[in-house]
Amino acid sequence: AESWVIMVTAQTPTNIAVIKYWGKRDEKLILPVNDSISVTLDPVHLCTTTTVAVSPSFAQDRMWLNGKEISLSGGRYQNCLREIRARACDVEDKERGIKISKKDWEKLHVHIASYNNFPTAAGLASSAAGFACLVFALAKLMNAKEDHSELSAIARQGSGSACRSLFGGFVKWKMGKVEDGSDSLAVQVVDEKHWDDLVIIIAVVSSRQKETSSTTGMRETVETSLLLQHRAKEIVPKRIVQMEESIKNRNFASFAHLTCADSNQFHAVCMDTCPPIFYMNDTSHRIISCVEKWNRSVGTPQVAYTFDAGPNAVLIAHNRKAAAQLLQKLLFYFPPNSDTELNSYVLGDKSILK
Ligand code: PMV
Numbered sequence: 511a512e513s514w515v516i517m518v519t520a521q522t523p524t525n526i527a528v529i530k531y532w533g534k535r536d537e538k539l540i541l542p543v544n545d546s547i548s549v550t551l552d553p554v555h556l557c558t559t560t561t562v563a564v565s566p567s568f569a570q571d572r573m574w575l576n577g578k579e580i581s582l583s584g585g586r587y588q589n590c591l592r593e594i595r596a597r598a599c600d601v602e603d604k605e606r607g608i609k610i611s612k613k614d615w616e617k618l619h620v621h622i623a624s625y626n627n628f629p630t631a632a633g634l635a636s637s638a639a640g641f642a643c644l645v646f647a648l649a650k651l652m653n654a655k656e657d658h659s660e661l662s663a664i665a666r667q668g669s670g671s672a673c674r675s676l677f678g679g680f681v682k683w684k685m686g687k688v689e690d691g692s693d694s695l696a697v698q699v700v701d702e703k704h705w706d707d708l709v710i711i712i713a714v715v716s717s718r719q720k721e722t723s724s725t726t727g728m729r730e731t732v733e734t735s736l737l738l739q740h741r742a743k744e745i746v747p748k749r750i751v752q753m754e755e756s757i758k759n760r761n762f763a764s765f766a767h768l769t770c771a772d773s774n775q776f777h778a779v780c781m782d783t784c785p786p787i788f789y790m791n792d793t794s795h796r797i798i799s800c801v802e803k804w805n806r807s808v809g810t811p812q813v814a815y816t817f818d819a820g821p822n823a824v825l826i827a828h829n830r831k832a833a834a835q836l837l838q839k840l841l842f843y844f845p846p847n848s849d850t851e852l853n854s855y856v857l858g859d860k861s862i863l864k
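Letter by letter, the sequence shown follows residues 511 to 864 in this note's numbering.
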């Protein structure tokens, strides 16, 4: 029997939404009720590394996450595998005399090993980096010719927010119009060099797994919140336009205002759900007050805050000076290992790590 292996390794950072995605209009295809915009973090912190391998000796598709085997039977994984397989092309390794034809991919099996360098499912968007990385690595392995936007529409079917991790910089996920979801994909707004004095600090308030998964939370919100309908139809479309303008013009005051307002509205929509969903805790609220007070006292915003489906604060500082002042304040008001649970800070941006 033949005994060769071909491997591809990819690394993908996570992304943090500044205009939030919350609510699906189609749960199976993962189509959202509004556009969203995110910033992709640097690939050093909060990233996923995935190796995919193919060999004629593999009897079935298998996957290991952080060293532990997990089931691939879920629809999300199957969607990604099926969609990339359907786009597989001929692969040739002349040196080793290996030839895989387009048709062979239907019968060949893959092994996938994926590592997160941060806690999984703690509201730190691990699924975003994970599915983006999986789709990208599989596409490389199978020599799929699709561009990053086309691949994003496949990653979307693993986890919605994953589609935005196929690009660096600031990224927009266009909700799309057509029923099959083919136009619900990500496009880059600006690349990572455009606004490289921003510094992102994540205050890990709790690394425990979140109580309500985003899938369940979104479903309940769509079914019960009138505020969500108003948000999706009337508020977000205008905010998307304003946010793109702020990013293109590097207008931090406007960027910070929109980012904070949208995070707060997302959590208001969660509260408007029946029964209400609470993702933030007392420490999160105290961090908001601290940042608001500081921004107000200086007169122009120094830091923007945003929270996803968990209590951890993502803080975006205008520049390194503001970031240094922010860290000082956080360490003073939220000392590590106090009763606030706040015990680690993740630093990240394109510039501070150079
Ligand atoms: O893609 P999901 O199912 O992990 O949902 C992500 C939802 C938020 O992180 C709260 C918002 C967003 O746009 O990323």
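The beta carbon of each residue, even a glycine, is placed where N, CA and C say it ideally should be.
Go through its chain and collect everything with a Cβ distance to residue i's Cβ below 8 Å, but skip five positions before and after it.
i: Arg760; result: His704 and Trp705
i: Gln752; result: Ser764 and Leu768
i: Pro507; result: There is no way to answer for residue 507, as the model of the chain reaches only from 511 to 864.
i: Asp571; result: Leu582, Leu591, His619, Val620, His621 and Ile622
i: Ile594; result: Val645, Leu648, Ala649, Met652, Ala654 and Ile664
Using the three-state DSSP reduction, which class does residue i fall into: helix, strand or coil?
i: Ile526; result: strand
i: Gln667; result: coil
i: Met517; result: strand
i: Val700; result: strand
i: Thr769; result: helix
i: Leu840; result: helix
i: Ile594; result: helix
i: Gly858; result: With a pLDDT of 46 at Gly858, under the threshold of 50, the modelled position of that residue is not reliable, and the figure given next carries that caveat. Strand at Gly858.
i: Ile893; result: No answer is possible for residue 893: the residues shown for the chain start at 511 and end at 864.
i: Pro553; result: coil
i: Asn774; result: helix
i: Asn761; result: coil
i: Gln586; result: The question names Gln, but residue 586 in the sequence shown is Arg. Reduced to three states, the DSSP call for Arg586 is helix.
i: Leu661; result: helix
i: Lys613; result: helix
i: Leu651; result: helix
i: Ser756; result: helix
i: Ala631; result: Note that Ala631 scores a pLDDT of 47, beneath 50, so its modelled location is shaky; the value from the coordinates is reported in the next line. Ala631: coil per DSSP, three-state reduction.
i: Cys780; result: helix
i: Arg718; result: coil
i: Ala639; result: helix
i: Leu737; result: helix
i: Phe677; result: coil
i: Val751; result: helix
i: Val688; result: coil
Kindly indicate which residue of the options has the alpha-carbon position closest to the one of residue i.
i: Val732; options: Ile712, Ser692, Cys780 and Ile711; result: Cys780
i: Glu656; options: Thr810, Gly668 and Cys599; result: Cys599
i: Asp603; options: Phe646, Gln570, Val645 and Leu651; result: Leu651
i: Glu802; options: Gln667, Thr816 and Tyr789; result: Thr816
i: Ala493; options: Thr560, Tyr843, Ala771 and Asn774; result: Residue 493 lies beyond the stretch modelled for the chain, which goes from 511 to 864, so this question has no answer here.
i: Trp615; options: Asn626, Leu648 and Glu605; result: Leu648
i: Gln775; options: Ile745, Ala766 and Asp701; result: Ile745
i: Cys800; options: Ser773, Ala778, Phe842 and Glu593; result: Phe842
i: Glu605; options: Asp772, Asn805 and Ile516; result: Ile516
i: Ala563; options: Asn576, Ala520, Asn544 and Ala596; result: Ala520
i: Cys770; options: Arg830, Leu825, Trp574 and Asn576; result: Leu825
i: Lys682; options: Glu702, Ile750, Gly640 and Gly691; result: Ile750
i: Asn627; options: Leu575, Arg586 and Ala742; result: Leu575
i: Leu840; options: Ile798, Thr734, Ser671 and Pro747; result: Ile798
i: Arg806; options: Ile529, Ala766 and Val543; result: Ala766
i: Gln588; options: Leu539, Trp804, Asp552 and Arg741; result: Leu539
Please work out which residues of its chain come closer than 6 Å, Cβ to Cβ, to residue i, disregarding the five sequence neighbours upstream and downstream, and give them in chain order.
i: Ala827; result: Val709, Val813, Ala833 and Leu836
i: Ile610; result: Val601
i: Ala527; result: Ser546 and Ser548
i: Val518; result: Val562, Ala647, Lys650 and Leu651
i: Asn525; result: Ser548, Thr550, Ala638, Arg674 and Ser675
i: Glu579; result: none
Bridge partners for residue i per DSSP, in chain order?
i: Leu825; result: Ile711 and Tyr815
i: Ala623; result: Thr561 and Trp574
i: Lys682; result: Ile547 and Val697
i: Pro542; result: Lys534
i: Glu579; result: Trp574
Keeping to the same chain, check which residues put their C-beta closer than 7 Å to that of residue i; ignore five residues upstream and five downstream.
i: Lys687; result: Asp693
i: Val715; result: Asn791, Thr793, Ser794, Pro821, Asn822, Ala823, Glu851 and Leu852
i: Met728; result: Trp532, Gly533 and Lys534
i: Glu677; result: Here residue 677 is Phe; the residue named in the question, Glu, does not match the sequence. Same-chain partners within the cutoff: Thr550, His658, Ala696 and Gln698.
What are the start and end residues of the beta strand (DSSP E) that includes residue i?
i: Glu602; result: Val601 to Asp603
i: Ile610; result: Ile608 to Ile610
Locate the alpha helix (DSSP H) running through residue i, then write down its first and last residues.
i: Glu512; result: First-last for Glu512: undefined, no H or E at that position.
i: Ser807; result: Asp792 to Val808
i: Ser724; result: Ser724 to Thr734
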